[in-house]
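K.L.:
Pasting a structure below so you can have a look.
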Amino acid sequence: MFHNIDFDSIDLTQAPPAKEPQRQYYFIAKCRQYIKAESGRLGRSLTANVTTFGCQMNARDSEKLTGVLECAGYSMTDSEEADLVIYNTCTVRDNANQRVYGRLGFLNSLKKKNPQMKIALCGCMMQEEAVIEKIKKSYRFVDLIFGTHNIFRFAELLCTMFESGRPVIDIWQGTEQIVEDLPVERKYPFKSGINIMFGCNNFCSYCIVPYVRGRERSRSPEDILKEIKTLAADGVVEVMLLGQNVNSYGKNLENPVSFADLLREVEKIEGIERIRFMTSHPKDLSDELIQVMKQSKKICRHLHLPLQSGSTRILQAMNRRYTKEQYLALAEKIRKEIPDIAITTDIIVGFPGETMEDIEETIDVVNKVQYDNAFTFIYSKRTGTPAASMPNQVPSDIVKEGFDRLLKTVQDTAKTRTALLEGKTLPALAEEINAQDNTLITGRLSNNTIVHFPGAPSLIGKIVNVRLKECHGFYFLGEIADSPAAK
Ligand code: SAH
Ligand code: SF4
Ligand code: F3S
Numbered sequence: 013m014f015h016n017i018d019f020d021s022i023d024l025t026q027a028p029p030a031k032e033p034q035r036q037y038y039f040i041a042k043c044r045q046y047i048k049a050e051s052g053r054l055g056r057s058l059t060a061n062v063t064t065f066g067c068q069m070n071a072r073d074s075e076k077l078t079g080v081l082e083c084a085g086y087s088m089t090d091s092e093e094a095d096l097v098i099y100n101t102c103t104v105r106d107n108a109n110q111r112v113y114g115r116l117g118f119l120n121s122l123k124k125k126n127p128q129m130k131i132a133l134c135g136c137m138m139q140e141e142a143v144i145e146k147i148k149k150s151y152r153f154v155d156l157i158f159g160t161h162n163i164f165r166f167a168e169l170l171c172t173m174f175e176s177g178r179p180v181i182d183i184w185q186g187t188e189q190i191v192e193d194l195p196v197e198r199k200y201p202f203k204s205g206i207n208i209m210f211g212c213n214n215f216c217s218y219c220i221v222p223y224v225r226g227r228e229r230s231r232s233p234e235d236i237l238k239e240i241k242t243l244a245a246d247g248v249v250e251v252m253l254l255g256q257n258v259n260s261y262g263k264n265l266e267n268p269v270s271f272a273d274l275l276r277e278v279e280k281i282e283g284i285e286r287i288r289f290m291t292s293h294p295k296d297l298s299d300e301l302i303q304v305m306k307q308s309k310k311i312c313r314h315l316h317l318p319l320q321s322g323s324t325r326i327l328q329a330m331n332r333r334y335t336k337e338q339y340l341a342l343a344e345k346i347r348k349e350i351p352d353i354a355i356t357t358d359i360i361v362g363f364p365g366e367t368m369e370d371i372e373e374t375i376d377v378v379n380k381v382q383y384d385n386a387f388t389f390i391y392s393k394r395t396g397t398p399a400a401s402m403p404n405q406v407p408s409d410i411v412k413e414g415f416d417r418l419l420k421t422v423q424d425t426a427k428t429r430t431a432l433l434e435g436k437t438l439p440a441l442a443e444e445i446n447a448q449d450n451t452l453i454t455g456r457l458s459n460n461t462i463v464h465f466p467g468a469p470s471l472i473g474k475i476v477n478v479r480l481k482e483c484h485g486f487y488f489l490g491e492i493a494d495s496p497a498a499k
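Residue numbering for the sequence shown is 13 to 499, as defined by our numbering.
Structure representation (C-alpha cells):
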C-alpha cells in the first residue's frame, strides 16, 4: 500500500530530518542500502519474519513492522528460519511470556546455524523492567529490543543495529507522540484494523495493559477517516476500529468527539461495507452508540462486552466500575434494541478473594445474557498491578472447578445461540480458503459466526449470501444462496 515514496531518491549525505515521519523515511532508505549490500554479498535476497503474540492491537503493530521491512528490501516469510526474526510480544497473562521464552531457545538454535541472523523483540512484554534484565542476562543472542512507545522508530532502530554491531536496547517510559503516514503492509487485502486510540486509563486492578501501553491517547478523526478512505480505495471492505476502550474515544481531544460521532462518519465512506470495533468497556457504553448501531447498515451485529466477573463484590475489587445489575440491564437493553446482535465477552476466574459463590454469580450472568461466545481466562498475577499484592490468592482446586463449570455453561449458551441461525440465509464475507478442505471457503457473518461453504477462491474478499445448512456447535456448513439474504 506504500508505493508513493521513492526511498532511493532520499539524499543520505544529508543529516537525518528531525521531523516525523520524514525521519523514518530517511532511515528506511539507509536500511535499504545495508540490506542491498548484504544481499549482494550473499547472492540472495534477505528474508524477515514477524511473529505476533497477543491482541488485535499487536497484530496491527506487526503490519506496521512488516510495512517498514518490505520498504527496506526484505522478503517476508512465515518461517522463522529467516535473516531477521521479530517477536512482537504480549504480557497480559504469564503464559504469553513463557511462550516467548520457550521459543527464544529455538531461535538461538537457528542462529547457530545462520550466524548472521538477527533477532529482535518488541511489544508489551518489553515494557517490563524484569523482562529486560532477564533477556540481558540469559538471552544474550538477542540483537534488538524496543517497546510499545517507540515502535514508530523501528527503521531508525534497525539502522542503529546494523551500524553498531552490538545489541541495541531502547525502551521509553511513555510518549505523547502519534506518528502518522508510516508504511503498513496488511495481512488481508480486503480487511484491516485501524487504531483509533492508544493506551488505557482504566487501571482494572488485575491488568498490566495501562502500564505497558501508557495513557489513553485518541487519534484525530481527520487522520482516522483519511486512513480509512485510503484503505477503501485500496480494496478494503471491512474495517475494525481498535482501542482498549473505544467507548471513551475522543474525550481528550482538543475538540472532543464521541465514538458514536466517529462511527457516523466512518459509515459515510464509500467502499466500506462492514464496520467492527474492539473493545467496549461496559461502564462507558452510551445509548447514543446503541442507536447508531441500530440504525447503521454497515456496523456489524456484534458487540464484545467484557464482563470479567458477575459478582459485584469482585467487580468492585477489580475496579471495573459497574455492578452485576448494571451490566445485566445494559445487556438487556442492547438485546432489546438490536435483537439480532451477538454479544461476546471475556471472563476471569480466580481473581484474589474469589469464592465459589462469586463464580456462581458469573455463571448466572452467562445464563441470563446468553453469550454468543466467551473467552474464559484463569487469573494471572501481573507484577506491579494492585491485585498482585492482594491477600487471598485463590487455591488452584477452586479455580479449576470454577473454570470447568463456567466453561461448560459458556459452551452451552454459545451452541444454543449459534443454532438459532440454522436454515437462514445471511451475507458472509469470504475470508480464506479452508485450511482442511480447499474446496471450501471460510466466511464470516456480520455477527462474527463462521460459515464454511463450497466456492471458488475468486470469491475471497467479497460478501456473498450463504444459506446456513448445518450447525456444528460454533460454526456452520452452508451453501451459496441465489435468493437475496435478509439482513
Ligand atoms: N481492554 C480490554 C481487554 C484487554 S486484555 C477490556 O477492557 O475489555 C483482554 C482480556 O484479558 C481482558 O478482557 C481480561 O479478561 C483478560 N485479562 C487481562 N488481565 C488478565 C490477568 N491478569 N489474568 C487473566 N486474564 C486477564
Ligand atoms: Fe486492562 Fe481494564 Fe484497560 Fe481493558 S480496560 S486494557 S482490562 S485496564
Ligand atoms: Fe497483550 Fe499488549 Fe494486547 S499485553 S493483550 S499485546 S495490549
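We put the beta carbon where it would ideally sit given N, CA and C, even for glycine.
From a predicted model like this one, the values you see are computed outputs, not experimental measurements.
1. Please name the residue or residues paired with residue 439 in a DSSP beta bridge.
2. So for residue 491, helix, strand or coil by DSSP?
3. Output the residues surrounding the ligand HEM, defined as those with a CB atom closer than 6 angstroms to any ligand heavy atom, in chain order.
4. Measure from the alpha carbon of residue 115 to the alpha carbon of each residue in 93, 128 and 127, then state which is nearest.
5. Anyone know if the C-beta pair for residue 100 and residue 153 falls short of 8 angstroms?
6. Could you tell me whether any non-hydrogen atom of the ligand F3S is closer than 7 angstroms to the CB of residue 290?
7. Please classify residue 266 as buried or exposed, where buried requires at least 16 neighbouring CB atoms within 10 angstroms.
8. Based on the DSSP output, what are the partners of residue 145 in its beta bridges?
9. Could you compute how far the alpha carbon of residue 388 sits from the alpha carbon of residue 39?
10. So the candidates are 483, 456 and 461; which of them puts its Cα closest to the Cα of residue 471?
11. Less than 7 angstroms between the CB of residue 394 and some heavy atom of the ligand F3S, yes or no?
12. Going by beta carbon distance, what residues of the same chain come within less than 6 angstroms of residue 499, once the five residues before and after it are set aside?
13. Just tell me which of 149, 183, 145 and 176 has its CA closest to the CA of residue 162.
14. Measure how close the beta-carbons of residue 229 and residue 252 come, nearest whole angstrom, since I'm counting them as under 8 angstroms.
15. State the DSSP-derived secondary structure class of residue 361, mapped to helix, strand or coil.
16. So is the beta-carbon of residue 193 under 7 angstroms away from any non-hydrogen atom of the ligand SAH?
17. Can you grab the Cα-Cα spacing for the pair residue 13 / residue 69, in whole Å?
18. On the premise that residue 379 lies in contact with residue 425, defined as a C-beta separation below 8 angstroms, what is that separation, rounded to the nearest angstrom?
19. Just curious, the alpha helix (DSSP H) that residue 235 is in, first and last residue?
20. Please tell me whether residue 360 and residue 408 are closer than 8 angstroms, where the distance is taken between their beta carbons.
21. Can you tell me the Cα-Cα spacing of residue 221 and residue 365, whole angstroms?
22. DSSP three-state call for residue 451: helix, strand or coil?
23. Please find out if some non-hydrogen atom of the ligand SAH comes closer than 7 angstroms to the beta-carbon of residue 338.
P.N.:
The short version:
1. Residue 439 pairs with 477.
2. Strand at residue 491.
3. The ligand HEM is absent from the structure shown, which contains only the ligand SAH, the ligand SF4 and the ligand F3S.
4. If you compare the alpha carbons of 93, 128 and 127 with that of residue 115, the shortest gap goes to 93.
5. No, Cβ-Cβ distance for residue 100 and residue 153 is not below 8 angstroms.
6. Relative to the ligand F3S, even the nearest heavy atom lies 7 angstroms or more away from the CB of residue 290.
7. Exposed, since its Cβ has fewer than 16 Cβ neighbours within 10 Å.
8. None; residue 145 has no bridge partner.
9. Using only the alpha carbons, I get a separation of about 43 angstroms.
10. Nearest neighbour of residue 471 by Cα position, chosen from 483, 456 and 461, turns out to be 456.
11. Checking the 7 angstroms criterion, the Cβ of residue 394 is out of range of every heavy atom belonging to the ligand F3S.
12. With a pLDDT of 48 at residue 499, under the threshold of 50, the modelled position of that residue is not reliable, and no figure is offered here.
13. Of 149, 183, 145 and 176, the smallest CA-CA separation from residue 162 is found for 183.
14. Incorrect: roughly 19 angstroms between the Cβ atoms, too far for contact.
15. Strand, per DSSP.
16. Distances between the C-beta of residue 193 and the heavy atoms of the ligand SAH are all 7 angstroms or more.
17. Its pLDDT being 46, under 50, residue 13 is placed unreliably in this model, and the value from its coordinates should be taken loosely. Taking the straight line joining both Cα atoms gives about 19 angstroms.
18. Confirmed, about 7 angstroms.
19. In the DSSP annotation of this structure, the continuous segment of the alpha helix (DSSP H) that includes residue 235 starts and ends at 233-245.
20. In this structure, residue 408 does not lie closer than 8 angstroms to residue 360 by Cβ.
21. If you draw a straight line from the Cα of residue 221 to the Cα of residue 365, it is about 22 angstroms long.
22. Correct three-state label for residue 451: coil.
23. For residue 338, the shortest separation between its Cβ and any heavy atom of the ligand SAH does not lie below 7 angstroms.
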